[in-house]
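Numbering (our numbering), first residue to last: 123 to 529.
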């Protein structure tokens, strides 16, 4: 079944972007990067325009842009996804490439595991790519193209015969109304680890996103039950004005405030704050996010990290858990008023607790910081009244049972 170009975000809101550098995605190979490096295409930030910025190679562009091709063929690159998974939606954005965008695109994919010989070839291509920019860090791969050795190595991957995910399809110019194209894929397809992005024939692409469900394996002992690499998902939320709640379960601690979940200032906040008898602020409003654990389990430790949030951290937070044996109330929407998460029987894991700026807060059952509530499948983080949280770590022992295949 051919993918369908669509205009709505749909489950882009739910699934992680497997082409994100935060998850470890990288460019392995690109035929030509004269005007702008292919690495830009994977940036998590939105593309920007710099009106008067030029380089020795031409106009500075925030994306991947090849030179105007004057030889046979077309330009293409290979992306190593950060995590293996079955893709649901691929987003291609040509922002600001108005007269120089790639008018068409096709995308194919492949899966390689640790035993495949192709991985050594991919490692060598990455090594050569990294070494090529050591003496020109200001420009990176800008002004460069693949050499004969690169083409010799990449031919070993036989990427021109990889299964097609998106057949040759039109893209829109980089104006606001036409810049974004979303391709829905067959969710029953095999997982992939690498993508080949084919321009038709040359030009610029600002951003590439590859949303999908992580391929996970059984793990035992203490793990982060909510981590994206273990299959965790952000299902619903009250607000994501400055940062998506999926960032809560991303690897690492983030590089800036934009790498966490941050909400807008609570519009219901009072004109003057006052303290309650429990020492916490009396607040009329709050924000929340619901996470589905990658695997159900019993939680023994919790970490709430406010890294980088110094003037905009929450005053306090509440963490609850529940065990659902039926499909979640929400599976593909980010409108919190559509699905009633308050109807779920939540148990308090961490009572409302004051937070501090720019530090990880650790809680455990051993030190009585957490309540023992048994096995759970979902977490609800509520912050008062608003603000930002960089990461939420839910450490526990997985419980592998029939209900874990509910979604």
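Glycine residues also receive a C-beta, built at the ideal position from the N, C-alpha and C atoms. Since the structure is predicted, the reported quantities are computational estimates derived from the model, not experimental observations.
Residue 297 counts as exposed, since fewer than 16 other beta carbons sit within 10 angstroms of its beta carbon.
Here residue 378 is exposed: its Cβ has fewer than 16 other Cβ atoms, across all protein chains shown, within 10 Å. According to the DSSP assignment, residue 356 belongs to the beta strand (DSSP E) that extends over 355-359. Annotation for residue 504: the continuous beta strand (DSSP E) segment containing it runs 497-506.
The three-state secondary structure of residue 270, taken from DSSP, is helix. Per DSSP, reduced to three states, the secondary structure at residue 246 is helical. Residue 335: member of the beta strand (DSSP E) spanning 329-336, first to last residue. Per DSSP, reduced to three states, the secondary structure at residue 287 is strand.
Cβ contact annotation for residue 198 (same chain, cutoff 7 Å, sequence separation greater than five): 153, 318, 319, 320, 321, in chain order. Pairing residue 155 with residue 267 gives a Cβ-Cβ distance under 8 Å.
Judged by beta-carbon spacing, residue 416 lies within the 8 Å limit of residue 354, meaning their Cβ atoms are closer than that value. Under the DSSP assignment, residue 227 falls in the beta strand (DSSP E) whose first and last residues are 226-232. Within the same chain, Cβ atoms closer than 6 Å to the Cβ of residue 209 are found at 307, 332, 334, the five residues on either side in sequence being excluded. Residue 522 and residue 269 have their C-alpha atoms roughly 49 Å apart. Taking all protein chains in view, the Cβ of residue 151 is crowded by 16 or more other Cβ atoms within 10 Å, so the residue is classified as buried. Annotated three-state conformation of residue 185 is coil, per DSSP. Annotation: residue 162 to residue 399 spans about 51 Å, alpha carbon to alpha carbon. If you check the CB distance, residue 278 and residue 243 come in under 8 Å.
Taking the Cα positions, residue 211 is about 42 Å away from residue 404. In this structure, residue 207 keeps its C-beta atom at 8 Å or more from the C-beta atom of residue 371.
Only exposed fits residue 395, as fewer than 16 other CB atoms lie within 10 angstroms of its CB. Residue 291 sits close to residue 228, with the two beta carbons spaced by under 8 Å.
Counting only residues of its own chain and dropping the five nearest sequence neighbours on each side, residue 241 has a CB closer than 7 Å to the CB of 234.
Only residues of its own chain outside the window of five on either side were considered, and among them 471, 472, 503 have a CB closer than 6 Å to the CB of residue 441, listed in chain order.
For the options 427, 466, 429, 213, the alpha carbon positioned closest to that of residue 443 is the one of 466. According to the DSSP assignment, residue 316 belongs to the beta strand (DSSP E) that extends over 314-322. Closest in C-alpha terms to residue 437, from the list 421, 412, 402, comes 402. Residue 411 sits in a strand when the DSSP states are folded into three classes. Per DSSP, reduced to three states, the secondary structure at residue 134 is helical. Taking 8 Å as the cut-off, the Cβ atoms of residue 187 and residue 326 count as close. Residue 137 is classed as buried because its beta carbon has at least 16 other beta carbons within 10 Å across all chains shown. A straight-line Cα-Cα distance of about 49 Å links residue 220 and residue 520. The criterion of a C-beta distance shorter than 8 Å is satisfied by residue 140 and residue 204.
Bounds of any beta strand (DSSP E) do not take in residue 487, whose DSSP letter is neither H nor E.
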